[in-house]
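Asks: The following block contains the structure, expressed as structure tokens.
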Amino acid sequence: MERTSGIFEVIKQRWQILVSIASLAMVFVGLIGLINLATAESKKGALPVLTTVKFEEKKNFNQLELTFEGRPRFSMQKYKGRFYLKLRNINNELLPPAAAPTSRLSQLPTKIVKDRLGTLTSIVVGVNGDFRTEMSAYEKPGTPFRIVIEFYPARERASVAVKPQPDKDVAGIEKKKVVKSKKVKTKKKTAKVRDFWEQEREGLDKDKKPGKPVKKKVAKKSAGKTTHKRAHTAVVKKVKKVRKIEIERVASGDENAGVAAFNNGWRWEYRKKVISAISDTQSGIYSNVLRALGEKLGLEDGTEPVQLTAELTALVADYETGEQSGKAEVLKGIIPFFQGSGDVEVMDALLRKYAYTGFTRLGRFVEGAYYEQKGFIPEALAYYNMTVVGSEDEYLPEPFTNAIIAEANFRMGVVYFMDYRMDEAAGYFKTASQQGNRSARKWLANTLLVKGLTKDAARIYSEVDPDDPVTKMSLADISVLEGDYDTARDYYSALSEEFSGDALVSAYFMIRVADTYQIEGRIDDANLRYKVARDNLGGEGRAMASLAMAEILIGSDDREAYRDALRYYGTVAEGNYIGTEEAYLMSARLHMQLGDNSMAIALLDKMGRLFPMGELRFDADRTRGEITLKWLNKLASIGDDEGFAKVFLTYEPYIPFGKKSGAYIQAGRAFLKLGFTTDAVKVLNSLVKMGDGEHLEEAMILLIKGYLAQEDIESADRLAMFFKATFPGTRFKERYARLLTEINYKKGEYKKVVNSGEVKRRADWDNSDEMMVVASSFFRLGKYKKAEERYRRAAELLAEAQKNKKLADACMGVAESSFMQGRYKESIRFYRCAAELSKSEDKDGSSIDSSWAMYRLAESNFRMGKSLEGTEALDSLERIDRKMAEWGKYLFAENGK
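All residue numbers for the sequence shown refer to the UniProt record's numbering, where the first residue is 1 and numbers rise by one.
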């Protein structure tokens, strides 16, 4: 009784402990709930708050200004004479009254709509008449976030007023109508155009093995037209949807903005050439410094570069007769640069020898200009920078020194601009403008425009010469971004006529006129103008028109349109145009879309050979890597290991470094399946050295398997120990255990094999190879009965898989185990089975020697007293191995064993 009561007492104490633990857990859960509730409340209170709304009527425009605590998500929209400023998820409980110079706005008019993303608050502005808007956002540390919207009348005076939104769904916007397509007739393409990519393909296929000839598709008559009917409708829809986004990207400084962009792609390359052609056409790179030099030296013809150079030559002669030989020598070195035949090495030597002549800055400047004209950007910037820094003899400020410094800063801005480094360019243009350079302010405006700061650029353009061609071109670009296409077309047309004597410049502005129609969504009008330009212009004009027409075609998802686009790109790629590099890049991308990856990569390789220092070389590298990755992923997804291995071994260097780990692990799997152990070990070893966390575990498991396939037991064992220490809780626990079993077996540590926990836990593995390893280990340890059981299990698995050669090994194992146990009847049956199976044809090789099976078959029969059967077995053995048969006859037949 005492013992029983003691047991009940213990149970009661443990029950009380469990109740206490449960109570503590409930308290803990409650605390977590309170914390989450507090967090939710704090997040709710963190919504942006609209603090003030101010509406003002300015002289030429009206302005709406909103101030916030916190930064809201916002967008704007114009629809049927109203302007909507949409604010996502702001605190609508703290909306302020609208503030204005008059008292007519007593409360803030809003429309609040709830949807699955939260609340959408709309500030609505009613407008009478045509208008355009400019919205700016200002965000500085320590100051409230501000949104300012300015309303400008367009062609006539428009009145603006903030008013309540009527009971009409803000989101109910009428869908835009799609312009119906009109067919544009074109001339039939020449054989030269059609055959360009075919010639490229023939060059690519020269090294390939001859195979079954491929029938060429006969092109239909409709394929020769510029625009396919079904593709054209899709293009119109897509263009109308995308152009608005592109224009917003340009305005925000995004470099990936398509046809609306004048600041990237092939249009940017042509624009740079045009700027160089229309700016400072009558002067030159040395005009300003020559003028300053003439004023410094008191020369009469200081405004005419040619006459001034002649006077400088005469002045040098005067210096040589006097006591200023140093100045004479330095000027003799500088003058050839003005004439286009300067020598930088000679100039450097003279400036080192005559360091105090007063012309050191000028010497460094002409060296910088020399390198700029040659296209050597780092050298040009270095010498221009030395011009600005100066030397000890030129510290005293004077007009000549100031002019040289301002011109050097201006030239550095131009170099950075042409290299598309707009932030640096803007800084140098500002400095040069402050130092008195007249051209710098115009170039600053051009730089701001390219950066997408259209408002700041327009303000500067309004202050500079309105007749300047660069100003006109930039104002046209601004008009495009503002949607004023008629004004843009007027500017572009006037510039095309003004520079009719320059084929490149005139053609560029003709293409820009056509671009405005495409941006506006009038695809038929744009196509017509591109076609006219392509048919009537030559050289670069034809190239630009071809690029633009191809651009329209690739806007659809039609494969036939892609092939037409390739023909247009072919006309540009086969020439030596400014846009040739772009044509190669876009052609490669289209070939990738069409599934011809080898052709795409071949084109990019050719592009690299033709343009080793081209501006698109990095884009080509990225595209090559993108094509290779997509190709490999597709092959891996369909299980084409042979195709994967071929592509990987050919194009592996093109895989981007940040994406290599995924491709390498796929390659390791494919190589091991195919039996390419050397390649598998190489790629998996590289992946392990990368230390990629996502694939490292599997890579090490596969690498151990690869080492075992190479019979490199030491490396496999060492890596297995490292794996166990690195990943003690690995997700590949079962695979690791099997590999460790194989390592111990090949090391001869059979006790470790049969005593491992995995072997004891699973007596009937469903993997025949691992079962054979365990069975062989038991056999070598003399445990023949256990060996026989596992050999039989392996035989069952191999018979189901119909792997006859390996089944012969399993039968041989059963026979040997039975023989060692003295069960000769069983051994005879399985020896005969093994001998027969080893003769069959199977891709899985067998390690058994059929002569040994026949020898053991004869021995088993003689041990059972079946001399006749034993003699027959020896006769069969004699046909396989004569010496072994003779030895068997001696042992068994003659000695009666």
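Here a beta-carbon is modelled for each residue, glycine too, at the ideal position from N, C-alpha and C.
Could you check if F875 is buried or exposed, using at least 16 other CB atoms within 10 Å of its CB as the buried criterion?
Replies: On the sequence shown, position 875 is the one that residue 875 refers to. One point to set straight first is that residue 875 is Asp, not Phe, in the sequence displayed. The residue is exposed, with fewer than 16 neighbouring Cβ atoms inside 10 Å.
Asks: Are the Cβ atoms of T628 and R589 separated by less than 8 angstroms?
Replies: Taking the first residue of the sequence shown as position 1, residue 628 is located at position 628. Taking the first residue of the sequence shown as position 1, residue 589 is located at position 589. Their beta carbons are not under 8 angstroms apart, which means T628 does not touch R589 by this criterion.
Asks: Using C-beta distances below 6 angstroms, list every residue in its chain close to K659, excluding the 5 sequence neighbours before and after it, in chain order.
Replies: Within the sequence shown, the letter at position 659 stands for residue 659. Same-chain partners within the cutoff: L629.
Asks: So who's on the other strand from F55, going by DSSP bridges?
Replies: Position 55 of the sequence shown holds residue 55. Looking at the DSSP assignment, F55 forms a beta bridge with L64.
Asks: Here's a check: name, in chain order, each residue in its chain whose Cβ is nearer than 7 angstroms to the Cβ of L381, leaving out the five neighbours to either side.
Replies: The residue you call residue 381 lines up with position 381 of the sequence shown. Excluding residues within five positions, the ones whose Cβ falls inside 7 angstroms are M412, V415.
Asks: Is DSSP giving L453 helix, strand or coil here?
Replies: On the sequence shown, position 453 is the one that residue 453 refers to. Three-state DSSP puts L453 in coil, outside helix and strand.
Asks: One question on the structure: do T51 and E65 come within less than 8 angstroms of each other, judged by their Cβ atoms?
Replies: Position 51 of the sequence shown holds residue 51. Position 65 of the sequence shown holds residue 65. For T51 and E65, no; Cβs fall outside 8 angstroms.
Asks: Whole angstroms is fine: what's the gap from M510's alpha carbon to L475's?
Replies: Mapped onto the sequence shown, residue 510 falls at position 510. Mapped onto the sequence shown, residue 475 falls at position 475. Roughly 16 angstroms separates the two Cα atoms.
Asks: What runs of the alpha helix (DSSP H), each 4 residues or longer, lie entirely inside the region 557-640?
Replies: The DSSP assignment places 559-573, 580-593, 597-610, 617-637 as complete runs of the alpha helix (DSSP H) inside the region 557-640, in order along the chain (cut-off: 4 residues).
Asks: Excluding five sequence neighbours on each side, which residues of the same chain lie with their C-beta closer than 6 angstroms to the C-beta of A488?
Replies: On the sequence shown, residue 488 is found 488 positions in, with the first residue counted as 1. So the list reads A476, S479, V480, T516, once near-sequence residues are dropped.
Asks: Indicate whether the contact test is met: 3 or more Cβ pairs, each with one atom in the region 351-371 and one in the region 399-409, closer than 8 angstroms.
Replies: yes
Asks: Taking the DSSP output, what are the residues bridged to V49?
Replies: Indexing the sequence shown from 1 puts residue 49 at position 49. In DSSP, V49 forms a bridge with E69.
Asks: Can you name, in chain order, every residue of its own chain whose Cβ lies under 7 angstroms from the Cβ of C811, other than the five neighbours on each side?
Replies: Here the question's residue 811 lines up with position 811 in the sequence shown. Counting only Cβ-Cβ distances below 7 angstroms, and skipping sequence neighbours, we find A795, F830, C833, A834, L837.
Asks: Please state whether DSSP places I112 in a helix, a strand or coil.
Replies: Position 112 of the sequence shown, counted from the start, is the residue given in the question as residue 112. Strand, per DSSP.
Asks: In the DSSP assignment, the alpha helix (DSSP H) including R882 goes from what residue to what residue?
Replies: By one-based count along the sequence shown, residue 882 stands at place 882. Note, R882: alpha helix (DSSP H), 882-888.
Asks: Could you tell me the boundaries of the alpha helix (DSSP H) in which K785 lies?
Replies: In the sequence shown, the residue the question calls residue 785 occupies position 785. K785 -> alpha helix (DSSP H) spans 784-801.
Asks: Could you work out which residue in D766, I713, D423, K332 is closest to Y745 when comparing CA atoms only?
Replies: As a working mapping, residue 745 is identified with position 745 in the sequence shown. When each option's Cα is compared against that of Y745, the closest is I713.
Asks: Please list, in chain order, all residues of the same chain as K705 whose beta carbon is under 7 angstroms from its beta carbon, the five residues on each side excluded.
Replies: The residue labelled residue 705 in the question sits at position 705 within the sequence shown. If we look at K705 and ignore the five residues flanking it on each side, its Cβ neighbours are L672, L739.
Asks: When you compare only the Cα positions, how much space is there between V450 and K332?
Replies: By one-based count along the sequence shown, residue 450 stands at place 450. By one-based count along the sequence shown, residue 332 stands at place 332. Distance between the alpha carbons of V450 and K332: 41 angstroms.
Asks: Ignore the nearest five residues each way along the sequence and tell me which others in A787's own chain have a CB closer than 6 angstroms to its CB.
Replies: Here residue 787 is taken as the residue at index 787 of the sequence shown, counted from 1. Counting only Cβ-Cβ distances below 6 angstroms, and skipping sequence neighbours, we find A775, F778, F779, S817.
Asks: For the alpha helix (DSSP H) holding G265, just list the boundary residues, first then last.
Replies: Position 265 of the sequence shown holds residue 265. 265-278 is the extent of the alpha helix (DSSP H) around G265.
Asks: Would you kindly work out how many angstroms separate the C-alpha atoms of V330 and V389, rounded to a whole number?
Replies: For the purposes of this step, residue 330 is taken as residue 330 along the sequence shown, with counting starting at 1. For the purposes of this step, residue 389 is taken as residue 389 along the sequence shown, with counting starting at 1. So the alpha carbons of these two residues sit roughly 19 angstroms apart.
Asks: Can we say the region 526-546 touches the region 575-585, given the rule of at least three CB pairs closer than 8 angstroms?
Replies: yes
Asks: Measuring only the C-alpha atoms, how far is A457 from R559?
Replies: Here residue 457 refers to the residue found at position 457 when the sequence shown is read from its first residue. Here residue 559 refers to the residue found at position 559 when the sequence shown is read from its first residue. Taking the straight line from one Cα to the other gives about 41 angstroms.
Asks: Give the secondary structure of T233 by DSSP, where H, G and I count as helix, E and B as strand, and everything else as coil.
Replies: The sequence position of residue 233 within the sequence shown is 233, counting from 1. Unreliable positioning characterises T233 in this predicted model, as indicated by a pLDDT of 47, which lies under 50. The coordinate reading is nonetheless provided below. It is helical.
Asks: Could you say which of K825, A853, D769, I880 lies nearest to G865 if we only look at CA atoms?
Replies: Locating residue 865 in the sequence shown gives position 865, where the first residue counts as 1. If we check each option's Cα against that of G865, K825 comes out closest.
Asks: In three-state terms, what does DSSP make of F727?
Replies: Taking the first residue of the sequence shown as 1, we reach residue 727 at position 727. Three-state result, F727: coil.
Asks: Using only alpha-carbon positions, find the residue among V316, P336, R790 that is nearest to Y754.
Replies: The count along the sequence shown starts at 1 and reaches residue 754 at position 754. Residue identity check: residue 754 is Val in the sequence provided, not Tyr. It is R790 whose Cα lies nearest to the Cα of V754.
Asks: Mind checking E582: buried by the 16 CB within 10 Å criterion, or exposed?
Replies: By one-based count along the sequence shown, residue 582 stands at place 582. E582 comes out buried.
Asks: Mapping the DSSP letters down to three states, classify S439 as helix, strand or coil.
Replies: Residue mapping note: residue 439 aligns to position 439 of the sequence shown, counting from 1. Correct three-state label for S439: coil.
Asks: If you reduce the DSSP assignment to three classes, tell me which class T678 lands in.
Replies: Taking the first residue of the sequence shown as 1, we reach residue 678 at position 678. It is helical.
Asks: State the DSSP-derived secondary structure class of Y653, mapped to helix, strand or coil.
Replies: Position 653 of the sequence shown holds residue 653. In the sequence as displayed, the identity of residue 653 is Pro instead of Tyr. Three-state result, P653: helix.
Asks: Measure the C-alpha to C-alpha separation of F55 and N62 and round it to an integer number of angstroms.
Replies: By one-based count along the sequence shown, residue 55 stands at place 55. By one-based count along the sequence shown, residue 62 stands at place 62. Approximately 8 angstroms between the Cα atoms of the pair.
Asks: Buried or exposed: D564, going by 16 or more other Cβ atoms within 10 Å of its Cβ?
Replies: Taking the sequence shown and counting its residues from 1, the one referred to as residue 564 is at position 564. D564 comes out buried.
Asks: Which first and last residues belong to the alpha helix (DSSP H) in which G813 is found?
Replies: In the sequence shown, the residue the question calls residue 813 occupies position 813. From DSSP, the alpha helix (DSSP H) with G813 extends over 804-820.
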